[in-house]
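Here is the structure we will look at.
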Amino acid sequence: MSKMTGAQILLRMLKEEGVDTIFGYPGGAVLDIYDELYRSDMRHILVRHEQGAIHAADGYARVTGKVGVCMVTSGPGATNTVTGIANAYMDSIPVVIFTGQVPTKLIGNDAFQEVDIVGITRPCTKHNYLVKDIKKLAQIIREAFHIARSGRPGPVLIDIPKDISNGTTTFKLPDEPELRSYNPTYVPNRRQLTKIVDLIKAAKKPIIFSGGGVNLSKAHRELTALAQKTKIPVTSTLMGLGGFPGTDPLWLGMIGMHGTYRANMSVSECDLMIAVGVRFDDRVTGKIDEFAVNAKIVQIDIDPTSIQKNIQVAVPVVGDCKITLEILNQMLENEDLGDLDEIRKPWRDQIDAWRKTARLSYKQSERIKPQYVIEKLFELTRGEAVITTEVGQNQMWAAQYYHYPEPGRFISSGGLGTMGFGFPAAIGAQVGMPDKTVVDIAGDGSIQMNIQEMATAVQYKLPVKIVILNNGCLGMVRQWQELFYDRRYSSTQFVHLPDFVKLAEAYGAVGLRATKPEEVEAILKQGLETPNTVIMEFVVEPEECVYPMVPAGAPITNMLLV
């Protein structure tokens, strides 16, 4: 045992937890920590705004499966992370946020850059701490990482007063955390799984409904094995994309407000729904009273509070998605499921009929169609890129027209719908997977919300590609105004936009632009082959809409198709 400062203890514990990268922005309350960072070999990515730090840590966590870490100062530094913390909380992403705080003696005195960040973030963190005793710092850090990564993952915040970071104490490596009130259930009740087996054997029109929990628990192989063994078609939420191969014949496409016709119709007609790692968000269910009314619903989730929260289910199963599906697949090995090709044929024929009724489609014109850009991007990357998105039409087109083979390939703000998420998340993803092609699909509105992170990408030589679908407006809001507000385009048209090519060059990146459909493929190829940060701007059809679309509050079978 030896004497160490709080800053030294923090960095030592980060090493113990396997952390190799911090995304952050310094300030007065964390100067002692940054002084210690100067002497360490820990990689620190200096962002240009604290929101960039939390989103980058979030993107890093999503692609690596590790806990993302960000560090900011007190007051405005801390409050600038709140949107990103809420984003990680809604999407169940493991992130630990370290915030500086004024010295303990000044807390509550309205000191310079003081804010009660623990109080502010209590509703949007899995747990948070204000460190009042330096002797407890190491144990708190260990607990924070345990809580962030276990059970249903989520963000944990640790607020460190300045006198804690520069104080000294005798350091002792803490024991593994024992939290009596926190014991997630990983192994399911086998009796419940027996019920699922019986339901699968009896079902004539089953579907599997996959969510973000499948990706978080790395249960994609088990889910695919279940679907292929039982010949059950699969749909997913936005957060579940990649949990089942997007090119598999059993894939129905995404469900919900902008889901495919065949997926939404399948939900309305199925007699069994096996929901894995989903919470039945309103964007998925539409009018709850008319959601899957003919089905017996199975819900598998590690978070017991998510089960039956929005939808009544016939068989609730609390457990880790991967472990649960492993056991279920083992149980099915011993079952006689009959001639599934024959049993499922009428259901498969009905789904094929729905597929032919309304495919995802668009009509190319003299203007670039945004869907065409996504399709070409998929072809040129062969589906192997990591795609991050902003929020809005760009996000939905990326979900519909790019096909994701596995988890960690589609990085998007699901629950909170945070504009400005995609680019800093792409930076975090590129740091986490330096050998992968990382592409942020953005709109001309959303990209400007964190455009300052261009400097971060260029400084650290991160070859992130930004595809801007420039329609000169806030596209998704404009779409709603067109369809439901008699084309009263209130505050959604951009009178002035920057020259994105010149903006890229001003940051030291590469800027490219396409204005005609015949230019799209060449610009994408050039951008993807350029070993720098690149903005590729595509001037697209300004009034193109995302279809299908379910109006808010309507049943998901009530789709606008054109």
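Sequential numbering from 2 applies to the sequence shown in the working numbering. Backbone N, C-alpha and C define an ideal beta-carbon position, used for all residues, glycine too.
Whether residue i touches residue j by CB criterion (8 angstroms)
i: Met455; j: Ala515; result: no
i: Leu504; j: Asn395; result: no
i: Met258; j: Gly212; result: no
i: Gly85; j: Gly28; result: no
i: His221; j: Pro95; result: no
i: Gln480; j: Val547; result: yes
i: Cys322; j: Ile301; result: yes
i: Phe292; j: Ile557; result: yes
i: Gly244; j: Asn265; result: no
i: Phe411; j: Ile388; result: yes
i: Thr325; j: Ala386; result: no
i: Pro189; j: Val277; result: no
i: Ala443; j: Ile428; result: no
i: Lys370; j: Leu525; result: no
i: Leu66; j: Thr457; result: A small fix is needed here, since residue 66 is Gly in this sequence, not Leu. No, these two residues do not count as a Cβ contact at 8 angstroms.
i: Met14; j: Tyr262; result: no
i: Ile303; j: Gly415; result: no
Alpha-carbon spacing of residue i relative to residue j, whole angstroms
i: Gly421; j: Arg192; result: 45 angstroms
i: Pro124; j: Leu341; result: 47 angstroms
i: Ala555; j: Val132; result: 48 angstroms
i: Asn472; j: Ser413; result: 20 angstroms
i: Ala359; j: Met477; result: 21 angstroms
i: Pro435; j: Leu463; result: 8 angstroms
i: His128; j: Phe501; result: 40 angstroms
i: Val157; j: Glu144; result: 10 angstroms
i: Glu327; j: Lys357; result: 34 angstroms
i: Val68; j: Ile161; result: 19 angstroms
i: Pro499; j: Ser447; result: 13 angstroms
i: Pro347; j: Val20; result: 52 angstroms
i: Ala523; j: Leu381; result: 10 angstroms
i: Asp249; j: Tyr403; result: 14 angstroms
i: Tyr61; j: Cys71; result: 11 angstroms
i: Gln140; j: Lys4; result: 16 angstroms
i: Pro77; j: Gln114; result: 7 angstroms
i: Asp283; j: Gly393; result: 17 angstroms
i: Gln453; j: Val73; result: 17 angstroms
i: Gln372; j: Trp398; result: 6 angstroms
i: Val440; j: Glu530; result: 12 angstroms
i: Phe485; j: Val563; result: 14 angstroms
i: Ala8; j: Tyr461; result: 25 angstroms
As assigned by DSSP and simplified to three states, the class of residue i
i: Thr100; result: strand
i: Phe485; result: helix
i: Thr195; result: helix
i: Ile469; result: strand
i: His147; result: helix
i: Gly509; result: coil
i: Gln309; result: coil
i: Arg263; result: helix
i: Phe379; result: helix
i: Thr6; result: strand
i: Thr358; result: helix
i: Ser237; result: strand
i: Pro556; result: strand
i: Gly254; result: strand
i: Gln365; result: coil
i: Arg410; result: coil
Opening and closing residue of the beta strand (DSSP E) in which residue i lies
i: Ile328; result: Counting along the chain, Ile328 falls outside any beta strand (DSSP E), though it belongs to the alpha helix (DSSP H) covering Cys322 to Glu334.
i: Ile209; result: Pro207 to Ser211
i: Ala276; result: Leu273 to Val277
i: Leu158; result: Pro156 to Pro162
i: Phe24; result: Thr22 to Gly25
i: Pro317; result: Val316 to Val319
i: Ala443; result: Val439 to Gly444
Closer than 7 angstroms: residue i CB and nearest the ligand SAM heavy atom
i: Leu239; result: As presented, the structure is devoid of all ligands, the ligand SAM included, so that no description of it is given.
Start-to-end residues for the alpha helix (DSSP H) that takes in residue i
i: Tyr130; result: Run containing Tyr130: none in the alpha helix (DSSP H); it sits in the beta strand (DSSP E), His128 to Leu131.
i: Pro425; result: Gly423 to Gly433
i: Gln300; result: Taken as a continuous stretch (DSSP letters only), Gln300 belongs to no alpha helix (DSSP H), being part of the beta strand (DSSP E) at Lys297 to Asp302.
i: Thr65; result: Glu51 to Thr65
i: Glu538; result: Note, Glu538: premise wrong, no alpha helix (DSSP H); beta strand (DSSP E) at Val535 to Val540.
i: Arg40; result: No alpha helix (DSSP H) contains Arg40, which DSSP labels as neither H nor E.
i: Val83; result: Val83 to Asp92
i: Ala293; result: Unbroken run through Ala293: none, as it is neither H nor E.
i: Leu227; result: His221 to Thr231
i: Asp283; result: Asp283 to Thr286
i: Val459; result: Met455 to Gln460
Any C-beta of chain D under 8 angstroms from that of residue i
i: Lys219; result: The displayed structure is made up of one protein chain only, and chain D is not part of it.
Next item on the list: Take every Cβ of the segment 102-119, pair it with every Cβ of the segment 49-62, and state whether three or more of those distances are shorter than 8 angstroms.
Entry: No: fewer than three Cβ pairs fall under 8 angstroms.
Next item on the list: Would you check if there are 3 or more beta carbon pairs closer than 8 angstroms linking the segment 349-356 to the segment 245-265?
Entry: Under the Cβ criterion (8 angstroms, minimum of three pairs), the segment 349-356 counts as touching the segment 245-265.
Next item on the list: Decide yes or no for the touch test of the segment 223-231 against the segment 328-335: beta carbon pairs closer than 8 angstroms, at least 3 of them.
Entry: The segment 223-231 makes contact with the segment 328-335; the number of CB pairs closer than 8 angstroms reaches 3 or more.
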